[in-house]
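Top to bottom, those sequences are chains A, B, C and D. Using our numbering, the letters of the first sequence map in sequence onto residues 1 to 341. Using our numbering, the letters of the second sequence map in sequence onto residues 1 to 341. Using our numbering, the letters of the third sequence map in sequence onto residues 1 to 324. Using our numbering, the letters of the fourth sequence map in sequence onto residues 1 to 324. Here the structure is laid out as C-alpha cells; the discussion comes afterwards.
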Amino acid sequence: MSEAFDPIIQHGAPTQEYVRRVMYAMLRGRIMETKLSNLYKAGKIVGGVYLGKGQEAVSASLGAALRMGHDVFAPLIRDQAGRMAFGEASLDATRTYLGSAQGPMRGRDGNIHRGRPDEGLYAMISHLGAAVSQVGGALLAKRIQGTLGDSVGATCVGDGATSTGAFHEGLNFVAVERLPMVVIIADNQYAYSTPNERQYACEDLVDRAKGYGVAGHSVDGTNVLECARVIGGAVAAARSGEGPQLVVAKLLRLGGHGEHDDGSYVEPELRQGHLGRDCIEVGKELLIQNGLLTAEQYDAWVQEISEECQEAVAVAQREEGPNPYSEDWSATSSLSLRGLK
Amino acid sequence: MSEAFDPIIQHGAPTQEYVRRVMYAMLRGRIMETKLSNLYKAGKIVGGVYLGKGQEAVSASLGAALRMGHDVFAPLIRDQAGRMAFGEASLDATRTYLGSAQGPMRGRDGNIHRGRPDEGLYAMISHLGAAVSQVGGALLAKRIQGTLGDSVGATCVGDGATSTGAFHEGLNFVAVERLPMVVIIADNQYAYSTPNERQYACEDLVDRAKGYGVAGHSVDGTNVLECARVIGGAVAAARSGEGPQLVVAKLLRLGGHGEHDDGSYVEPELRQGHLGRDCIEVGKELLIQNGLLTAEQYDAWVQEISEECQEAVAVAQREEGPNPYSEDWSATSSLSLRGLK
Amino acid sequence: MSQSVTYIDAIREAQERAMEENPKVFLYGQDIGKFGGAFKATKGLQERWPERVIDAPISEDAMIGMAVGAALEGMRPIVEMQFADFGSVAFNQIVNQASTHYYRTGVPVPLVVRMPSGGTPGSGPFHSQSVESIYSHYPGSVVVTPATVADAYSMLLQAVELDDPVIYCEHKFLYRWLKSENYEGDDLPIGKARITRSGKHATVVTYSAMVHEAVRAADILQQEGGWEIEVVDLRSVKPLDTDTVIASVARTGRLLALGESFPWGGVTAEVVSRVCADAFHLLDAPPMRVNAKNTPVPYHPKLWAMHRPTPESICVALRNLLAY
Amino acid sequence: MSQSVTYIDAIREAQERAMEENPKVFLYGQDIGKFGGAFKATKGLQERWPERVIDAPISEDAMIGMAVGAALEGMRPIVEMQFADFGSVAFNQIVNQASTHYYRTGVPVPLVVRMPSGGTPGSGPFHSQSVESIYSHYPGSVVVTPATVADAYSMLLQAVELDDPVIYCEHKFLYRWLKSENYEGDDLPIGKARITRSGKHATVVTYSAMVHEAVRAADILQQEGGWEIEVVDLRSVKPLDTDTVIASVARTGRLLALGESFPWGGVTAEVVSRVCADAFHLLDAPPMRVNAKNTPVPYHPKLWAMHRPTPESICVALRNLLAY
Ligand SMILES: Cc1ncc(C[n+]2csc(CCOP(=O)(O)OP(=O)(O)O)c2C)c(N)n1
Ligand SMILES: Cc1ncc(C[n+]2csc(CCOP(=O)(O)OP(=O)(O)O)c2C)c(N)n1
Ligand SMILES: [Mg+2]
Ligand SMILES: [Mg+2]
C-alpha cells in the first residue's frame with residue numbers, strides 16, 4: 001500500500017476510523033436520497049429516481065475503502081452512499097438529478113447515470129453488467145503503463161445483473177488477467193419485481209466465485225461492521241495483490257425499484273425478517289455499542305449532513321438547465337471531424 | 001422413459017449396445033472427416049473444414065444417447081460423430097461441404113453450419129454459445145405444450161465458448177427453468193490457438209456447475225467407456241427429471257483448428273501425454289478387451305463405413321450446386337411480404 | 001363516445017386476444033408476470049395463463065435464443081424487451097440467429113420482439129432509442145412501427161400470425177398519451193402504408209410517434225397559409241410500402257421524410273432513396289429529411305425537445321420545401 | 001518495382017509503427033499473440049511487445065468494455081474482432097458504452113476496433129458481413145473503410161490518433177489480393193473522399209472492396225462505348241465527405257451509389273439522400289443504388305457472386321443510368 005493510505009483493516013478487523021467513515025457515508029447517502037425522493041414526490045425531478053435505501057452499508061463500505069483519483073470505481077443503481085464515500089461531491093448528485101448545466105453531465109444524462117471518469121468515477125450506462133469489463137480494462141491499462149501500483153478497481157451489481165452476459169464476460173476477463181478488482185453483488189432478493197428463484201438456480205451466488213477462479217466472500221449486508229470487515233478486507237486483499245475478489249452481500253432493497261414503484265411484490269416475511277433490518281439503525285446501534293460513536297455525535301452528523309444536502313439541493317435548484325440553443329451537439333471530440341457529418 | 005428407448009445406462013454402466021453404437025459413430029465421424037480433409041487438400045471444398053478428430057468419443061456418446069425427431073441437439077464445430085450418432089445422414093455432411101443444391105442448406109450455408117431444425121437437429125450459427133438458449137427454448141416450448149415427455153435437449157461447446165455471454169445467459173436460463181438439458185464442454189485445452197490459461201482462471205470448468213445450480217460431471221474424453229458412462233448417464237439423468245447436466249470432458253483436438261491450421265502451437269507434452277491419446281485407438285482396444293467388439297468386426301465396420309462415406313462423397317460430387325438464377329432470394333417466408341421489400 | 005382506451009391498452013389487449021385464440025402464443029420477458037411488466041403491457045395475463053406468461057432473467061441474448069428454439073418447436077413467442085435499448089444485448093441473436101434462419105434452413109422462426117421505443121422527456125440516452133433501422137438493415141425480419149391505437153392492436157395480432165421474426169417497435173411516448181374510443185381500425189395488413197391526412201402541396205412520410213408531430217405541423221401550415229400537407233404513415237418500415245409513398249409524391253411533387261431516430265442512414269434515407277430511384281420525375285423539389293440530432297438522446301427535457309423533430313422544426317423544413 | 005506488399009501487410013505494419021511511435025497503443029483480441037491472429041495481421045508483434053499484445057478470451061462484449069476502460073486510463077487500444085460478424089456480440093458496448101461516452105461525459109474514449117469485413121467465396125452468412133452501416137447509424141463513432149493498401153496503412157495510423165472510437169472496417173477479400181509497391185499514398189485525412197478514377201458521364205460513389213469492382217465496371221464501359229465513369233472512394237463512411245461527392249455529381253450529373261452490404265438503408269441510401277438534399281439540381285437522372293441482395297450472404301461461390309454487386313451488375317445499372 002502506498003504511504004498515503006491509512007490501513008482500513010488491521011489484524012483482520014476494520015479500523016475504527018474506516019468504520020466511522022463508512023457510517024458517515026451511509027448517513028450521507030440516506031439523507032441525500034431522502035431529499036431526492038422528496039424532490040421527486042414534489043414533481044421537481046424529471047425521470048426516474050433510484051434509491052439505495054437499505055444498501056448503504058455495502059455501498060459505503062466499498063466506497064470508503066477506495067480513493068478517488070487513485071482507484072477506479074463504477075457504481076451502479078444503488079450506490080449513492082458509496083459514491084459519496086469515494087469522493088463524489090453532493091452537488092454532482094443534485095445537479096444531475098435536477099438537470100443543472102453545471103453538473104458533470106450537463107443535462108445530457110440524468111439521475112444515477114453520472115460520473116467523473118477522469119477521476120476514476122465511471123459514469124454508468126443503463127445496460128447492466130457493462131461496467132465490469134470497463135473497470136478491468138482500466139486496471140489492465142494501468143498495469144501496462146506501469147502505474148498500477150496498489151490501485152484497485154471496483155464495481156457493484158445486483159442479483160439480476162449477474163444474469164447478463166456482460167457480467168460473465170467481464171468477470172472472467174478480470175479473473176484471467178488476475179486484476180486487482182472487487183466485484184460486489186448486492187443480492188437484494190429482487191431484480192425489479194423478479195425474485196431470486198426466477199433469476200438464478202444456485203444456492204448462493206458466492207458459489208460462482210470458484211467457477212471464475214476468484215476469491216469469494218459472503219456478508220450480511222445489514223450489518224455495517226461485517227460489511228466493513230468483509231468488503232474492506234476484499235479491497236485490501238485486491239490491493240495487496242491477491243487478485244480479483246467477489247463479495248456477495250445479502251440484503252433487501254427497502255423501497256421500490258425506483259420511486260415510481262411501491263415494491264408491493266416484496267414478500268412481507270422478507271421485510272420483517274433479518275434482511276429487512278435497516279442497516280442505518282443497526283449500524284448506529286452497533287457503533288454506539290462498540291464505542292465507535294455516541295448518540296450525540298450521530299445527531300451532530302445528521303445535522304451536519306442535512307445541511308450539506310440541503311445546500312446541495314438549493315444550489316442545484318438555483319442553477320439553469322442546459323441551453324439547447326448553445327448546446328454543442330457533437331457526439332465526437334475530434335475537432336477536425338466536427339464540421340463533418 | 002418412453003417405451004421406444006432402450007436404456008443406455010443400466011446399474012450405472014453403459015449398455016453394451018450403446019457403447020457399440022458410440023464406437024460405430026466415432027468411426028463414422030472419423031472416416032467421414034478423413035474424407036472431407038482429403039477433399040479439402042485436393043481443393044474440392046470451398047471455405048473452411050473443421051474436424052472433430054480426437055473428440056469423437058465425447059461427441060458420439062452424446063449423439064448416441066439422443067434420438068432424432070424426439071430430442072433436440074445443437075451440435076457445434078467438432079460434432080461430426082455426434083451428428084451421425086444422432087441420425088444425420090452422411091449425405092447431409094458431404095452435400096453441405098461440397099455445396100450441393102440437394103443438401104439441407106442448398107448451398108446457402110456450408111460445412112458445419114447445417115442442420116435439420118424441424119427434426120431437432122439445429123443448424124449452428126458461428127457465434128459461439130448462441131445455441132444454449134435456443135435448445136433451452138425448444139424444451140421450454142415442449143413443456144408449455146405438454147409434449148416434453150422424456151425429451152432431452154443437448155449441445156456441445158468448447159472451452160473457449162464458455163467465455164461467451166451467450167453461454168452464460170443460456171445456461172443460467174436453462175438452470176432457472178430446470179430444463180432437461182445436457183451441456184457438454186469439450187475442454188480440448190485450446191480455443192483456436194488460445195490455451196486455457198488465457199481463457200479461464202478456475203481450476204476446472206466443472207467448478208462452474210455449482211454456480212449455475214446444475215449437476216456437474218467430469219470425464220476423460222479419450223476413454224469411450226468413461227464417456228459413455230458419464231455422458232450417457234447425464235442424458236439419462238436429464239431424461240428422468242434430474243434437471244440440467246453440465247459435463248466437462250478433458251481431451252485434445254488432434255489437429256488444427258481447421259484444416260488450414262497445423263496447430264503447431266499445441267504443446268508437445270500435451271500431444272504426447274494422456275490427453276493426446278487417440279480416442280478411436282483407445283476405444284478399439286477397450287472394446288476388444290471388454291469383449292464388446294472383435295478385431296474382425298472392427299475391420300468390417302471400417303470397410304462398411306468407408307463405403308458409406310465414399311458413396312456419400314460420390315453422390316454429392318455428382319450433384320449440381322445451386323443455380324443463382326433460379327435461387328429464391330427471400331429472407332422471409334411470409335408469402336404476402338415476398339413481393340414487398 | 002369517450003376516448004377510453006390507450007395505445008398501451010391496445011398492446012395489452014392484443015396480447016390477451018392472441019393468447020386466447022392461439023394456444024401457441026406465450027409471453028416472455030423481465031417482470032412481465034405478476035408485476036405485469038415495466039409498462040403494464042402484460043398486466044393480469046399471468047393470472048389467466050400462469051404457464052404461458054414467464055418472467056425472464058436479465059438475459060436479453062438468451063431471451064431471443066429461447067424464442068428461436070420455442071418457435072422451432074411450433075410456438076409463437078412474444079418477447080418483451082424492457083426497453084428497446086436493451087435489445088442491443090440481444091443484437092446477435094436477433095440479426096444472426098432469428099433473422100437468418102429461414103434463408104439458411106428453409107424453416108421459419110415465428111417470433112415477435114416487443115421493443116418499447118422512442119424518446120420521452122427525462123429518459124436519457126439509454127431509455128429512448130429508436131431501433132427500427134438497425135433491424136431493418138439486416139435481412140430476414142419484419143419491422144413494424146404502429147402509430148395509432150388501432151394499429152398497435154391489429155399489427156400485434158398480425159405480427160403473431162406472420163411466420164417470420166417481427167420487430168414490433170411500440171412508442172413509449174404514445175403509451176398513455178394516445179387514446180381512442182376502441183381498437184377498431186381499417187385492419188390494413190403489415191406492409192401497407194396509410195394516408196393519415198391527405199393534402200396536395202407536400203408529402204410527409206413518417207411512422208410511429210412522428211406521425212402525430214407531422215399532423216400537428218400540417219395543422220400549423222394549414223392555418224398559416226392554407227397549405228395542404230399529406231401525411232403518410234408507413235406503419236411498417238420493413239417491408240416499406242414504396243407504392244403508397246410514390247403515389248402520394250405523384251400528387252404533391254414534394255417529399256419530406258421524417259423520423260425520430262439518428263440522422264445517419266435509417267428509414268428516412270431509405271425512403272428518399274427509393275422515391276428518387278423510382279419516381280425522380282415526380283419530384284418538383286429536392287426530397288428532404290428531418291431526423292433527430294447526431295448525438296445520443298439527451299436526458300434534459302429542454303435538450304430532448306431540441307434533439308428530436310418537433311412540429312416547429314418540421315414546419316421549418318416544410319416551409320423550405322414548399323418555397324423551393 | 002514489384003508489387004510486394006499487400007493490404008493485410010499494411011494493417012500489420014501500421015500497427016507495428018503505431019506501437020513503435022506511441023507507447024499508449026496496445027493490441028487486444030483473440031489469437032493475436034503468438035499466433036499472430038486469424039489473418040496474421042499481428043504476426044510477430046507479441047514477440048516485440050509481450051506486454052502490449054494480449055490474447056483475449058472469446059468475449060467480444062468484454063473486449064470492447066476493456067478497451068473503453070483502457071482508453072479512459074489514457075491508452076489507445078486497438079481491438080481485433082476475429083471477424084466483423086462477431087462484433088454483433090459487442091454491439092451494446094460499441095454503440096452504448098464507447099460511442100456515447102464523449103457526449104455524455106465530455107471525456108473521449110480513443111479506441112480502434114478492427115473489423116475484418118466483407119464477403120469472400122465460401123465464407124457464408126457469419127464470416128462475410130459488412131457492418132459499417134449499423135455503427136454509422138449510432139452517433140459517436142468514426143467509421144472508416146479503406147480500399148487501398150496505402151489507405152489501409154495511413155488510415156489505421158490516423159485512427160489511432162483520433163480521440164474517438166473508430167470502427168476500422170478492413171475488407172478480407174483485399175487482404176492478400178490487393179498489392180502495392182509500398183505503403184505510401186496521398187495521406188488524405190479521415191473524412192476526405194478520393195476521386196479514384198475521373199470521368200464525366202456518371203459518378204459511382206463507393207468504398208472498400210467495391211471501389212475495385214467499380215473501376216472494373218468503368219473499364220468495361222470505357223471499352224464498350226467510350227464512357228468515362230468517375231469513381232469516388234468515400235474512404236470513411238462516417239463522416240461522409242458530401243462535398244467531394246457533390247463536386248463529382250456536378251461534373252457528371254449522374255449518381256450511382258454502390259455498396260456491398262444489405263440493401264435496406266446503409267451507406268448507399270445515405271449518399272443518395274445527401275446528394276438529393278443538397279444537389280438535386282445537379283442530377284440529370286434519378287440517382288441509383290446497387291447493393292447486395294436482401295438475404296444473408298450465401299456460402300456457395302455461385303450464390304455469393306450473384307448476391308454481391310459485380311462489375312457486370314454494376315455495368316447493367318450504369319448503362320441504365322447513362323441511358324436515362
Ligand atoms: C441489460 C439490461 N436489461 C434490462 C435492464 C432494465 N433494468 C434496470 S434495473 C433492473 C433490475 C436490476 O436488478 P438487480 O441487478 O438485482 O439490481 P437491483 O435493482 O435489485 O439493485 C432491470 C431489469 C437493464 N438496465 N439492463
Ligand atoms: C462469438 C464468437 N467469437 C469468435 C468466434 C471465432 N471462433 C470460431 S471457433 C473459435 C475457437 C473456439 O474454441 P473452443 O470453444 O474451445 O472450441 P474448439 O475449437 O476448441 O473446439 C473462435 C474464436 C466465434 N465463432 N464466435
Ligand atoms: Mg436485485
Ligand atoms: Mg477448445
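Beta carbons: idealized from backbone N, C-alpha and C, even for Gly. All figures in this text were calculated on a predicted structure; none of them were measured in a lab.
Boundaries of the alpha helix (DSSP H) harbouring residue 301 (chain C): 301-307, taken from the DSSP string. CA-CA distance, residue 142 (chain D) to residue 262 (chain C), rounds to 15 Å.
Relative to ligand 4, residue 103 (chain D) has its C-beta separated by 6 Å or more from all heavy atoms.
Bounds of any beta strand (DSSP E) do not take in residue 190 (chain D), whose DSSP letter is neither H nor E. Here the C-alpha atom of residue 19 (chain D) lies approximately 9 Å from the C-alpha atom of residue 52 (chain D). Shown here for residue 33 (chain A): same chain residues with a beta carbon closer than 6 Å to its own, the five before and five after excluded, namely 51, 80 in chain order.
Here the alpha carbons of residue 60 (chain B) and residue 80 (chain C) stand approximately 38 Å from one another.
Ranking D:96, D:300, D:43 by CA distance to the CA of residue 109 (chain D) puts D:96 first. For residue 264 (chain D), the residues of chain C that pass the 7 Å Cβ criterion are 136, 137, 238, 270, in the order they occur in the chain. When beta bridges are read from the DSSP output, residue 218 (chain A) appears opposite A:248. Cβ atoms of residue 69 (chain A) and residue 119 (chain A) come within 8 Å of each other, at about 5 Å. DSSP places residue 314 (chain C) inside the alpha helix (DSSP H), whose first and last residues are 311-323.
By the rule that beta-carbons nearer than 7 Å mark a contact, residue 163 (chain B) touches chain A. Between residue 153 (chain A) and the set A:299, A:93, A:246, the nearest pair of CA atoms involves A:246. The chain-ordered list of residues whose CB is nearer than 7 Å to some heavy atom of ligand 4 reads B:158, B:159, B:160, B:186, B:187, B:188, B:189, B:190, B:191, B:253. Taking a 10 Å sphere around the C-beta of residue 4 (chain D), we find fewer than 16 other C-beta atoms and assign the residue as exposed. Here the alpha carbons of residue 191 (chain B) and residue 77 (chain B) stand approximately 11 Å from one another.
Within its own chain, the residues whose Cβ lies closer than 6 Å to the Cβ of residue 285 (chain C), once the five positions on either side in sequence are excluded, are 254, 321, 324, listed in chain order. With a cut-off of 6 Å, the C-beta of residue 62 (chain B) is classified as distant from ligand 2, since no heavy atom of the ligand falls inside that distance. With 16 or more neighbouring CB atoms inside 10 Å of its own CB, residue 109 (chain B) falls in the buried class. Residue 244 (chain D) is classed as buried because its beta carbon has at least 16 other beta carbons within 10 Å across all chains shown. Cβ-Cβ separation between residue 289 (chain C) and residue 136 (chain D): approximately 15 Å, too far for a contact (criterion under 8 Å). With the criterion set as a beta carbon lying under 9 Å from some beta carbon of chain A, the members of the segment 63-81 of chain D are 63, 64, 65, 66, 67, 68, 69, 70, 71, 72, 73, 74, 75, 77, in sequence order. Cβ contact annotation for residue 230 (chain B) (same chain, cutoff 7 Å, sequence separation greater than five): 217, 219, 247, in chain order. The three-state reading of DSSP puts residue 202 (chain B) in coil, since its state is none of H, G, I, E or B. Any Cβ of chain C closer than 7 Å to the Cβ of residue 296 (chain D) would place that residue at the interface, and such an atom is present. Within the same chain, Cβ atoms closer than 6 Å to the Cβ of residue 305 (chain B) are found at 27, 28, 31, the five residues on either side in sequence being excluded.
Below 8 Å, enough C-beta pairs join the segment 133-140 of chain A and the segment 153-163 of chain A to call them touching: three or more. Taking 7 Å as the upper bound on Cβ-Cβ separation, chain B lies near residues 102, 103, 104, 105, 107, 108 of the segment 102-116 of chain C.
When Cβ-Cβ separations below 7 Å define contact, residue 26 (chain D) makes contact with chain A. When the five nearest sequence neighbours on each side are left out, the beta carbons in the same chain lying within less than 7 Å of the beta carbon of residue 228 (chain B) are those of 14, 18, 19, 22, 61, in order along the chain.
By the criterion of a C-beta distance shorter than 6 Å, residue 291 (chain D) is surrounded in its chain by 259, 263, 268, once the five residues flanking it on both sides are discounted. Distances from the CB of residue 15 (chain D) to the heavy atoms of ligand 1 are all 6 Å or more.
DSSP places residue 17 (chain B) within a helical segment (H, G or I) once states are collapsed to three.
Look at the segment 86-133 of chain A and you find these whole runs of alpha helix (DSSP H), each 4 residues long or longer: 90-98. DSSP places residue 236 (chain C) in the uninterrupted beta strand (DSSP E) bounded by 236-238.
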